[in-house]
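Residue numbers (UniProt numbering), protein chains in the order written: chain W, 1 to 344; chain C, 1 to 344.
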DNA sequence: TTGAAAGCGGTACCAT
DNA sequence: ATGGTACCGCTTTCAA
C-alpha cells in the first residue's frame, strides 16, 4: 500500500476500541484502580467518589473488558464449550439444551457452541483446545476420540464430558441409555400379546448412535419371552415406507417399534394405505411423544422420554471442573415410559 | 491455604499446559522461530532441519496455540459470533445454518454460537462484545437494539448483521421477507376461488416476528380482490384447535393459511373431526413443505421456502467485514412458492 | 537463518 | 486509598 505506515489502517473511521487505560486516563486514576472498581475487588477499598468517576468514565467511553486479555492473565477461563451436533435435533433436545445453558450461566460459566462441520475428530479437538475451555461437553455424535480427549486435557480442559452412548477413553461419560427406549416399547408390545416385533432402523446417517442401542434394547426385552425381533431398515421417505409396507404381510409382524413418532407416522400411513389394519393386525409404537402423534388416527402410542433437567447436568459439569480427579460419575440421564394410546 | 505459596495449585495433577516457550526449549530454538515454523511465515526462511525439530517438539508436547493470546497480540480476531436463537427452529433453518457455518469456516472465520437465554438485550450485547468478535450475525428474534449494535461496534465488531424482519439501527439488515410466504399462500387461495380467508396466528411467544409479517402479506394478497382476511389466534395444542374448529361454521371461512405445516396439520385434524370437509368446504394451506404434509389425507398444500444458500450469506458477511463502511446491502434471502396438493 | 525484546489488555502483588 | 509494575502466551519488527 502507498499509505504512510504510521496509519494504523485498522479502524478506518471511528476511534479505537477503548481499553482500561483509556478509562483510567479519563477518570484520572491508574489502570489498577479501574480494575479494582470494575471488578468490585473486595480485598481493596476504593473511595466512593473514585468509584463513581471510574464508572462514569467507563460508561462514557462504552468500555467493555476484553475477555481474551482477562483469561490470558488469569491463566484459565470459565468457558464451557459445546460442540454443535451435526444431526437435526428434536424439540425435546432443544428444551433440555436451553435449560442446560441457562443453568451453566447461573453457575457463572460462559457457554459457547462451536460448530465443527467438516472437520475430522482430531482437528476439531485441536480447534476447540485453542479456545482453552475449562470444560467440553459433547452431546451428540460428534466423534470425540480418546486422542481428542487427551489433546483437550493437555491444553487445560478440566472436564471432558460426553453425553451419548459411546464411552470415550478419558472422558466422563454420561450415558443416555437409548436402549431403554427400545426396551420399554418392545416390552409393552410383548405384554400386550405381540410375538413377532419389527424394529425400525433409520438408514439416515447420524442416527445410528440412537438406533443401534434402541434395537439392542428391543432384543433385551424379548429375551426369554419367545417373541422375536426383526430389524427394519427404513429411509425417511414415502417410497421407502411404501416399499416396506408392500412386503409387510410376507414379514408376518404383529407389532412394530418405529424408532420415533415421525418414522411411526410415516410407516403407519404406508401400512394403512397398503390395507394393513392398525392396531388390529399390527400394533405401532413410536417415541418422543410429539403432539403430532395425538393427531393421527388411530392415536399413536409412544415412549415418552424425560431427559434429566439441565440444572442437574450443569451441576455435574461444575463438580467435574472443581474436582477433575474425582471418578467419572456415570449417571443415567434419561427415563422412558410408555404412553399407550390407540395404535397398540 | 497452608500450602507453600510456590505451589501453583492450578493443575493439581499432570503437568502444566505447554506453551510455545516449552516447544522452543525442547527444540533448542527461540520462541520466535517456533512461531515462524508453526505459522509457515513466508517472509522468513527457516532451514528444514530446524523446522523438523520444532514440529517434532510441538508434536511431542501436544502443543496447541492459545487463541486468546494470539488474537490479543494481533489486535483482532476472526471470530464470527452467532447468538443462538431462543425459539425452536425447523429443519429448514438447521440445514441453512450448517451450510452457513461451513461456508464461513472456508473463509477462515471461527464460528461461535453464544447463547444468551435470560439476558436482557443490552447485557447480552455486552457479553458478546467481551469476546471481541469481528462480526455478529443475529438470526432470530434475539432482540438486538440500536444501543446493542453501538456497543458491539465500539468494541471492534466490523459488521453487525441482523437476519430477520426488524431493521435495527446501525446494523446491516438482511430481510427474510416472511410476508411473501403469507402473500403466496393467500394469493393461491384467492386464485382458486376462495373469498373469506382465515390466517392462523400462533399465540406462542417468539413466533410473532414470523406470524405478523405473514399476516400482513396475506392482507396484501387480498387487497383489491374483494376477498377478506380473518386472523385466527391459535395455540399449538389440541384443545385450542378444537375450540377454533367448533366455531368454524360461524366464522364462515372457505380458505385458511395455517401459518405452517404443523399448525395446518393440527387445524386440519380438528376441522375434520368437527365435520368440516377439506378442501370442499374449506381449503387449507401450510408452509415449510414438511414430509409430514404429504402423509396427511388430503395431502397438504404448502408454501415451499427456499432460503438463500449459506455460502451467499457467508460471502456477504465477509464483504461487510472487509468493507465496514460500504452501504448495507439489503438483500432478500428467501423465495417462496406454492406447492399445491390436495387440501386446496 | 535465528534471537532478543516490545507490546497486546487485563490483574494482582507490593509499595507508598 | 491508590499507583507502579510484572506477567499471562503469542507475534513481529529489528539486529546480529
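Cβ atoms here follow ideal geometry from the backbone N, Cα and C, with glycine treated the same way.
Item to check | Contacting residues, own chain, Cβ-Cβ under 6 Å from residue 347 (chain W) (five flanking each side not counted) | outcome: The question about residue 347 (chain W) has no answer, for chain W in this structure spans 1 to 344.
Item to check | Inter-residue CB distance, residue 336 (chain W) and residue 303 (chain W) (contact presumed, cutoff 8 Å) | outcome: 5 Å
Next on the checklist: Any contact between the segment 193 to 204 of chain W and the segment 229 to 244 of chain W? By contact I mean 3 or more CB pairs, one from each, below 8 Å.
Outcome noted: yes
Checklist entry - Name the chain C residues that come within less than 8 Å of residue 43 (chain W), Cβ to Cβ? => result Ordered by position in chain C, no residue passes the 8 Å Cβ test against residue 43 (chain W), which lies about 16 Å from the chain.
Checklist entry - Are there 16 or more other CB atoms within 10 angstroms of the CB of residue 343 (chain W), so buried, or fewer, so exposed? => result buried
Next on the checklist: So that I know if they touch, is there some Cβ in chain W lying closer than 8 Å to that of residue 307 (chain C)?
Outcome noted: no
Next on the checklist: Whole angstroms are fine: how far does the CA of residue 131 (chain W) sit from the CA of residue 158 (chain W)?
Outcome noted: 13 Å
Item to check | Chain-ordered residues of the segment 49 to 75 of chain W with a beta carbon less than 9 Å from chain C | outcome: 61, 62, 63, 64, 65, 66, 67, 68, 69, 70, 71, 72, 75
Item to check | Reduced DSSP secondary structure (H/G/I, E/B, other) of residue 188 (chain C) | outcome: helix
Checklist entry - With a cut-off of 8 Å, does the C-beta of residue 129 (chain C) fall near any C-beta of chain W? => result yes
Item to check | residue 32 (chain W), buried or exposed, once every other Cβ within 10 Å from all chains shown has been counted against 16 | outcome: exposed
Checklist entry - At a CB-CB cut-off below 7 Å, which residues of chain W make contact with residue 155 (chain C)? => result 17, 64
Checklist entry - For residue 43 (chain C), is the classification buried or exposed, using 16 other Cβ atoms within 10 angstroms of its Cβ as the cut-off for buried? => result exposed
Checklist entry - Would you say residue 115 (chain W) faces chain C, with C-beta separation under 8 Å as the test? => result yes
Next on the checklist: Considering only the alpha carbon of each residue, which of C:148, C:118, C:97, C:133 lies closest to residue 67 (chain C)?
Outcome noted: C:133
Next on the checklist: DSSP three-state label for residue 140 (chain W), please.
Outcome noted: coil
Checklist entry - Along chain W, which residues have their Cβ under 8 Å away from the Cβ of residue 236 (chain C)? => result 291
Checklist entry - What residues from the segment 242 to 254 of chain C come within 9 Å of chain W, judged by C-beta to C-beta, listed N to C? => result none
Next on the checklist: Tell me the DSSP secondary structure of residue 8 (chain W) in three-state form.
Outcome noted: In this predicted model, residue 8 (chain W) has a pLDDT of only 39, less than 50, meaning its place in the structure is not dependable; the value taken from the coordinates is given anyway. Residue 8 (chain W): coil per DSSP, three-state reduction.
Item to check | Classification of residue 148 (chain W) by the beta-carbon crowding that lies within 10 angstroms, buried from 16 upward | outcome: buried
Checklist entry - Should residue 176 (chain C) be flagged as near chain W, meaning a C-beta pair shorter than 8 Å? => result no
Next on the checklist: Quick check on residue 309 (chain W): does DSSP put it in helix, strand or coil?
Outcome noted: coil
Checklist entry - Does the beta carbon of residue 140 (chain W) sit closer than 8 Å to a beta carbon anywhere in chain C? => result no
Checklist entry - For residue 161 (chain W), which residues in chain C fall below 7 Å Cβ to Cβ? => result Within chain C, no residue comes near residue 161 (chain W); the closest Cβ sits about 17 Å away, beyond 7 Å.
Next on the checklist: For residue 257 (chain C) and residue 185 (chain C), which I take to be in contact (beta-carbon distance under 8 Å), what is that distance rounded to the nearest angstrom?
Outcome noted: 4 Å
Checklist entry - Given a threshold of 16 other Cβ atoms within 10 Å of its Cβ, counted over all protein chains shown, does residue 183 (chain C) qualify as buried or as exposed? => result buried
Checklist entry - For residue 413 (chain W) and chain C, any beta-carbon pair shorter than 8 Å? => result Summary: the structure shown does not reach residue 413 (chain W), with chain W confined to residues 1 through 344, and so no result is reported for it.
Item to check | Cutoff 8 Å; reference residue 245 (chain C); Cβ partners in own chain excluding five residues on either side | outcome: 267, 270, 271, 273, 274, 276
Item to check | Per-residue contacts from residue 126 (chain W) into chain C (C-beta, under 7 Å) | outcome: 64
Checklist entry - Cβ of residue 77 (chain C) within 7 Å of any heavy atom in the ligand MG? => result Ligands in the displayed structure: none, and consequently the ligand MG is not present.
Next on the checklist: Suppose you measure from the CA of residue 310 (chain W) to the CA of residue 316 (chain W); what does that come to, to the nearest Å?
Outcome noted: 10 Å
Checklist entry - So what's residue 202 (chain C) in DSSP terms, helix, strand or just coil? => result strand
Item to check | Residue-level contact to chain W via CB, residue 118 (chain C), 8 Å cutoff | outcome: yes
Next on the checklist: Please report whether the beta-carbon of residue 39 (chain W) lies at a distance below 8 Å from any beta-carbon of chain C.
Outcome noted: no
Checklist entry - Thinking C-beta only, is residue 181 (chain C) closer than 8 Å to residue 214 (chain C)? => result yes
Item to check | Contacts of residue 295 (chain W) in chain C (Cβ-Cβ under 7 Å) | outcome: 265, 266, 269
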